[in-house]
Amino acid sequence: MEITVVGTGYVGLVTGVCFAEVGYNVTCFDIDEQKISTLSTGICPIYEPGLEEMLKKNLDEGRLHFTSDSKAACTKAEFIFIAVGTPEDEDGSANLDYLEAAVADIGANLTKDAVVVIKSTVPVGTNERIGQMLQDIIPGNIHVKVVSNPEFLREGSGILDTFHADRIVIGTDDLEAGREVAQLFEPFGRPIIQTDIRSAELIKYASNAFLATKISFINEVANLCEYTGANIEDVAKGMGMDERIGSQFLKAGIGYGGSCFPKDTKALEKLTEYYNYDFKILRSVIEVNSRQKQQLFLKAKKMLGSLRGKRVAVLGLAFKPHTDDIREAPAIELITQLIEEQADISVYDPAAVGKVEELFGSRLYYADTVDLAIKGADVVFIMTEWPQITQYDLGRYPLLMREPLIFDGRNCYGLVEAELAGITYISIGRKA
Ligand code: UGA
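Quick note: the sequence shown uses the UniProt record's numbering, first residue 1, plus one each step.
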């Protein structure tokens with residue numbers, strides 16, 4: 001079976017490598033020549049646990065190929081997966097420029113029948129439009145079927161999520177194409193749901209919006225805990241033990257970030273505007289999240305007044321642990337505010353420092369360890385629950401900091417332990 005994957009971002013690369021791993025012959029295509037030459041040497045340009053090893057293995061065994069030549073990418077392909085980005089446009093809608101360019105490129109280079117599978121997250125109706133676009137470009141003797149196959153993997157656990165997917169969604173109005181794509185996924189042995197093309201598109205947005213809703217909901221409950229004196233960790237545990245609610249995505253914190261939830265909730269909101277439908281919950285989820293991202297900074301301001309000239313350490317920069325992705329990361333918003341306050345800022349992250357340095361340059365001190373970041377600090381902000389931070393010896397904060405004051409946006413430590421260590425510890429939804 002010959003598979004081509006267009007786009008070597010998180011989704012495209014993980015998809016390509018995993019298809020090669022189950023035995024298919026896979027060609028990954030990207031217009032970024034630099035990236036393709038890096039990948040061809042077995043180096044993975046993104047931080048994704050286990051991906052580089054699997055990539056190297058499949059390159060060596062000859063099942064995985066990389067190219068930036070679209071003709072070469074299309075000639076043999078029986079299935080063409082498109083996994084290019086659909087970033088947020090200025091007005092919040094999904095920008096389909098990369099997708100349309102990829103489709104035009106494929107259309108111009110197809111020489112035989114193929115199934116085009118869209119993995120990119122796209123507004124309802126887009127796949128049908130892509131099908132039409134392809135029909136208009138390709139010669140009449142070539143037949144192309146379009147299938148929607150949204151992706152549900154998480155950054156940082158992409159490989160695990162691919163091999164243990166809760167479901168594989170296949171949306172098409174062409175039954176035969178649906179069967180062929182289902183067959184392709186058989187080696188993964190995961191549940192498959194076949195549906196029409198529009199439902200598949202909406203399953204993706206609705207799933208991300210629902211998970212974002214759980215997070216915003218628990219963050220609201222956490223804020224209520226602070227008013228009422230309840231403890232969010234116990235409240236979330238007690239709620240999550242009800243199987244109808246489920247314990248996942250009930251971790252209160254400093255708001256969701258990343259390249260997916262913020263973008264997809266806004267794109268879904270744009271879609272509802274198009275249909276003139278007021279999706280009230282969705283609007284609130286987005287609003288609650290932007291308010292939540294401010295929580296720690298506001299708490300610090302309330303307690304300390306100005307942060308001008310204060311030595312501030314920010315621990316954790318990525319939007320979540322086990323990734324170097326800082327897109328929409330709460331830490332970035334916080335750092336911007338701290339710079340405005342003219343604080344003296346040091347930062348630590350096990351993976352994302354390089355990306356933060358590209359943004360803020362010499363305005364920050366980049367520490368290699370937690371010790372170096374917090375040395376002499378007046379205040380610590382915890383923004384990502386990396387193990388290096390959650391497992392850090394609490395006793396070292398009072399030892400190294402000028403004042404042991406921590407604002408923890410991820411509830412990394414127990415209240416009793418923090419108190420015993422002599423730390424003034426302010427977290428989310430728990431007593432100060
Ligand atoms: C998310 C979805 O979980 C994937 O299923 C989906 O495929 C992906 O978006 C996508 O659309 O591509 P991802 O953005 O990688 O995956 O990260 P998550 O692990 O879902 O975390 C998202 C954000 O929510 C993070 O900032 C995390 O800190 C926050 N979060 C998550 C919480 O604040 N509390 C929780 O209980 C869970």
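Ideal placement from N, C-alpha and C gives every residue a C-beta, glycine not left out. Note that the coordinates shown come from a computational prediction; the quantities given were computed from them, not determined experimentally.
query: In terms of residues, what are the limits of the alpha helix (DSSP H) holding residue 202?
result: Per DSSP, residue 202 belongs to the alpha helix (DSSP H) from 197-228.
- request: Under 6 Å Cβ to Cβ from residue 269, same chain only, skipping five residues before and after it: list those, please.
  value: 282
field: Limits of the unbroken alpha helix (DSSP H) element including residue 35
entry: 33-40
query: Going by the beta-carbon positions, is the gap between residue 149 and residue 169 smaller than 8 Å?
result: yes
- prompt: Leaving out five residues before and five after residue 398 in sequence, what residues of the same chain have Cβ atoms less than 7 Å from its Cβ?
  reply: Within the same chain, and ignoring the five residues on either side of residue 398 in sequence, the residues whose Cβ sits closer than 7 Å to its Cβ are 404, 421, 422, 423.
query: Under 8 Å, do residue 345 and residue 315 count as touching if we go by C-beta distance?
result: No, the pair does not count as a contact, with Cβ atoms beyond the cut-off.
- request: Please report the Cβ distance between residue 194 and residue 182, rounded to the nearest whole angstrom; I am assuming they are in contact, meaning their Cβ atoms lie under 8 Å.
  value: 7 Å
query: Can you name the start and end residues of the beta strand (DSSP E) that residue 70 belongs to?
result: For residue 70, there is no enclosing beta strand (DSSP E); the enclosing alpha helix (DSSP H) has its first and last residue at 70-75.
Nearest to residue 340 (by Cα), restricted to the options 353, 360, 355, 124: 360
task: Would you mind working out which of 347, 174, 326 sits nearest residue 433, comparing C-alpha positions?
output: Only positions 1 to 432 of the chain appear in this structure, which leaves residue 433 out of reach.
Bridge-paired residues (DSSP) for residue 88: DSSP output for residue 88 lists 94 as bridge partner(s).
- request: Could you give the DSSP three-state label for residue 18: helix, strand or coil?
  value: In this structure, DSSP gives residue 18 a helical state, which the three-state scheme calls helix.
- prompt: Under the three-state reduction of DSSP, which class applies to residue 141: helix, strand or coil?
  reply: coil
- request: With distances taken Cα to Cα, identify the nearest neighbour of residue 244 among 266, 214, 267, 350.
  value: The closest CA to that of residue 244, considering only 266, 214, 267, 350, is found on 214.
query: Since residue 65 sits in a beta bridge, which residues does DSSP pair it with?
result: For residue 65, the beta-bridge partners assigned by DSSP are 27.
query: Which class does residue 173 belong to by DSSP, given the choice of helix, strand or coil?
result: coil
task: Assuming residue 374 and residue 410 form a contact by the criterion Cβ under 8 Å, report the distance between their Cβ atoms to the nearest whole angstrom.
output: Their Cβ separation, rounded to whole angstroms, is 16 Å, which puts residue 374 and residue 410 out of contact at 8 Å.
task: Return the chain-ordered list of same chain residues with a C-beta closer than 8 Å to the C-beta of residue 164, the five sequence neighbours on each side being excluded.
output: 190
task: Excluding the 5 residues preceding and the 5 following residue 6 in the sequence, name in chain order all residues of the same chain whose CB lies nearer than 6 Å to its CB.
output: Only residues of its own chain outside the window of five on either side were considered, and among them 29, 82, 102 have a CB closer than 6 Å to the CB of residue 6, listed in chain order.
field: Meets three-Cβ-pair contact criterion under 8 Å: the segment 219-236 and the segment 261-275
entry: no
message: On the DSSP bridge list, what partners appear for residue 313?
response: For residue 313, which the question treats as bridged, DSSP gives the partners 346, 380.
- request: Return yes when at least one heavy atom of the ligand UGA lies under 7 Å from the C-beta of residue 264, else no.
  value: yes
- prompt: Which residues in the same chain as residue 112 place their Cβ atom closer than 7 Å to its Cβ, once the five residues preceding and following it in sequence are excluded?
  reply: 142
message: Looking at the ligand UGA, does it come within less than 7 Å of residue 249, judged from the CB to the closest heavy atom?
response: Yes, the ligand UGA has a heavy atom inside 7 Å of this Cβ.
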